[in-house]
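A short worksheet on the structure shown next.
2 protein chains.
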Amino acid sequence: MKYKATVTIKLKKGVLNPEGRTIKRALEFLGYEVEDVNTYKMIDLILNGESEEEVYKKVEEMCQKLLANPVIHDYRIKVERL
Amino acid sequence: MKYKATVTIKLKKGVLNPEGRTIKRALEFLGYEVEDVNTYKMIDLILNGESEEEVYKKVEEMCQKLLANPVIHDYRIKVERL
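Below is the structure:
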């Protein structure tokens, strides 16, 4: 069966977001007052699996091995059947 | 009033996603069969405004001027009051 797993990868609280700060400064330069800017990444994976649980476990392994850096990132996984 | 605007920035259909392809290859190298990988960016903006419509219009301007490249990106904006 085919599934779509959506992984949300955010910097942990307290970890500086240089991209966010750069965007904030650029927006202010363009005349926009913004209190805070946070950027984060989403990854959509299309893959086959036996069940949602099996796919979730596989994607979690992918996060731990490759997709997210456990030191600075928090990640969330959502799995839906296609 | 304070609002949070969430901007989703995706590559347009047909535009190659090199990051996605690199991740796909790396996952295959680790032994994971994945049919497709797509990456995209999310930006959370905290800003003040008079109304949701006003904030939406301001963030749309920010997208056109800075946050998204109209040639290769599609973007979506969601505004919620804090």
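Taken in order, these protein sequences are the chains called A and B.
For what it's worth, this note's numbering labels the leading residue of the first sequence as -12, then goes sequentially.
For what it's worth, this note's numbering labels the leading residue of the second sequence as -12, then goes sequentially.
We put the CB at the ideal spot given by N, CA and C, even for glycine.
- Not a single C-beta of chain B is nearer than 8 Å to the C-beta of A:Ala55.
- Bounds of any alpha helix (DSSP H) do not take in B:Ala(-8); it lies within the beta strand (DSSP E) bounded by Lys(-11) to Leu(-2).
- If you check the CB distance, B:Val(-6) and B:Val46 come in under 8 Å.
- With fewer than 16 neighbouring CB atoms inside 10 Å of its own CB, A:Ile59 falls in the exposed class.
- In chain order, Pro57 place their CB closer than 8 Å to the CB of A:Gln51, counting only its own chain and leaving out the 5 sequence neighbours on each side.
- The beta-carbon of B:Lys45 is placed less than 8 Å from the nearest beta-carbon of chain A.
- Across the structure, A:Met29 and A:Val66 are spaced so that their CA atoms are roughly 13 Å apart.
- Runs of alpha helix (DSSP H) with 4 or more residues, each lying fully within the stretch 18 to 62 of chain A, are found at 39 to 49, listed in chain order.
- Under DSSP, B:Lys11 shares a beta bridge with no residue.
- Look at A:Lys52: its C-beta is under 8 Å from a C-beta on chain B.
- Under DSSP, A:Val66 shares a beta bridge with A:Ala(-8).
- With respect to chain A, the C-beta atom of B:Glu39 has no partner C-beta closer than 8 Å.
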